[in-house]
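Notes follow once the structure below has been shown.
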């Protein structure tokens, strides 16, 4: 008889699943953010987003999201420093970068001028041999009041969807 601390032959080996390539996911994220966090021209890739995707810290957040089973979300925020279209910078000063993107692995409220895109993993990792689209879910938080945004999501989508599910599953039980 073996000692209980010894490994047994029946212990399954952890499977090494190939994780999707960073560049492939970055391209997917670029397309999604261009559509769901649009700037003035929704058909062109935002230069600020490209800069954010080139940032080493942001790349580490993305790689963690792709491969770490403990990290289930990727949070992309777009902020606009534009107060109003009529505001002009004082003469002699350059206009500040109007848009910036922030990427993290934690969902948090920053301010009302931030629009956010939350990407949620459906599995432990984003696998290379499956389509990215089939492995993630998106939630888009527009800029403005978080209360209004959440109330709208719950009352107009989540509650009716859940009620419909309960109604349909009740029919199946009969």
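In full-length UniProt numbering, the protein residues as written are 1 to 174.
Where is the CB? At the ideal position from N, CA and C, for every residue including glycine.
Please read all numbers here as calculations on a predicted model, not as lab measurements.
From the options, residue whose alpha carbon lies closest to that of residue i
i           : options            : result
residue 33  : 118, 162, 59       : 118
residue 77  : 132, 108, 146, 163 : 108
residue 134 : 49, 143, 123, 68   : 123
residue 27  : 18, 17, 59         : 59
residue 112 : 161, 146, 158      : 146
residue 64  : 100, 105, 80, 53   : 105
residue 57  : 160, 115, 156, 103 : 103
residue 69  : 80, 16, 29, 164    : 16
residue 31  : 143, 138, 162, 154 : 138
residue 121 : 163, 162, 73       : 73
Exposed unless 16 or more other CB atoms sit within 10 angstroms - verdict on residue i
i           : result
residue 46  : buried
residue 49  : buried
residue 25  : buried
residue 150 : exposed
residue 165 : exposed
residue 169 : exposed
residue 154 : exposed
residue 20  : buried
Alpha-carbon to alpha-carbon, residue j and residue i
i           : j           : result
residue 141 : residue 110 : 12 angstroms
residue 156 : residue 131 : 29 angstroms
residue 18  : residue 128 : 6 angstroms
residue 160 : residue 136 : 22 angstroms
residue 52  : residue 101 : 6 angstroms
residue 22  : residue 62  : 8 angstroms
residue 39  : residue 98  : 10 angstroms
residue 152 : residue 36  : 17 angstroms
residue 116 : residue 29  : 13 angstroms
residue 80  : residue 171 : 48 angstroms
residue 54  : residue 143 : 24 angstroms
residue 75  : residue 162 : 25 angstroms
Inset, instruction - Could you name each continuous alpha helix (DSSP H) segment of 4 residues or more that falls completely within the region 145–171, going from the start of the chain to the end? - result: 146–153
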